[in-house]
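Residue numbers (our numbering): 17 to 284.
What follows is the structure in structure tokens.
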């Protein structure tokens, strides 16, 4: 990282190694000073073409969870470089038919830089710095699946959150080997058989209405985007599809989907 003068980096022989963000405002505007410092160092890395992840569009800002002086934020593709926990929101859309429960599963477009061609959650997105998880779902439901706002608001069901730690790698569109802590807010939306999600932007290739067995087989083939596989497993657990009676690793799955993250999620 091409650290700027806004950061104080410990010496190579010091343990533990630390990077400290300096408050150039001397307490008069800490949040703004932090945001400016992150913007400056990210721009330096971008100009120097240091990280592959920064080749992606830098449109959205992510809030840094646990920051003492909110709102502190940085560009979404840079979040993994700093080891902060990112917020996402996922909504699984399903319907009950004469043949049983079926789930709407989208396939990501082949041209996407991250996880091209992989299966996804019905509606999902990163939660922007100034919005809530529900607000994220509302605009993503329209953009990705053409779902009417009044339908979503009337029937959406908040179902908690999952937390996990993953390693960046193939498909993530960035550096390999970064440890990425994630917080995903999960929602369910039960709809009638007459509701059919339709792609509205170019990020979704198609939607499939699959039964539970088809989804299980796709999970075992590792066709799902990594975090979406976790969301689907959580859905199966909450709906009694995966239970302690039929899954020997049931408790391990539950625990790993609600991991205590090694980074702050609230201001200390």
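Built from N, CA and C at the ideal position, the CB exists for glycine as well.
| Check | Outcome |
| --- | --- |
| Close beta carbons around residue 226, own chain, < 7 Å, minus the five adjacent residues each side | 118, 119, 121 |
| Per-residue burial, residue 134 [other beta carbons within 10 Å of its own, 16 or more giving buried] | buried |
| Own chain partners of residue 64 with C-beta closer than 6 Å, once the 5 adjacent residues on each side are dropped | 18 |
| Alpha-carbon spacing of residue 51 relative to residue 25, whole angstroms | 18 Å |
| 4 or more residues per run - each alpha helix (DSSP H) lying fully within the region 156-184 | 165-171 |
| Cβ-based neighbour list, residue 152, same chain, cut-off 6 Å, excluding 5 preceding and 5 following | 105, 141, 143 |
| Backbone secondary structure at residue 204 - three-state DSSP | strand |
| contact_flag[the region 75-95, the region 209-219] where n(CB pairs < 8 Å) is 3 or more | no |
| Three or more C-beta pairs below 8 Å linking the region 90-97 and the region 261-272 | no |
| Per-residue DSSP class, three states only, for residue 276 | coil |
| Spatial distance of residue 157 from residue 77 (CA atoms) | 20 Å |
| Euclidean distance between Cα positions of residue 110 and residue 207 | 6 Å |
| Candidates 195, 68, 21, of which the one nearest residue 39 by Cα | 21 |
| Assigned exposure category for residue 243 - 16 Cβ within 10 Å defines buried | buried |
| Residue 149 versus residue 282 - alpha carbon distance | 16 Å |
| Validate contact between the region 173-184 and the region 216-224 using beta carbons, cut 8 Å, 3 pairs | no |
| Contained alpha helix (DSSP H) runs [length at least 4] in the region 246-271, N- to C-terminal order | none |
| Simplified DSSP state of residue 236, which is helix, strand or coil | helix |
| Exposed unless 16 or more other CB atoms sit within 10 angstroms - verdict on residue 246 | buried |
| As assigned by DSSP and simplified to three states, the class of residue 108 | strand |
| Minimum C-alpha distance to residue 75 - residue among 81, 60, 55, 82 | 55 |
| Given residue 96 as reference, the closest of 202, 250, 182, 254 once Cα atoms are compared | 182 |
| Strand pairing of residue 119, partner residues [DSSP] | 110, 226 |
| Closest residue to residue 136 among 125, 145, 129 (Cα-Cα distance) | 125 |
| Same chain only: Cβ atoms within 6 Å of residue 197, ignoring 5 sequence neighbours per side | 101, 181, 277, 279 |
| Where residue 67 sits in the DSSP three-state scheme | coil |
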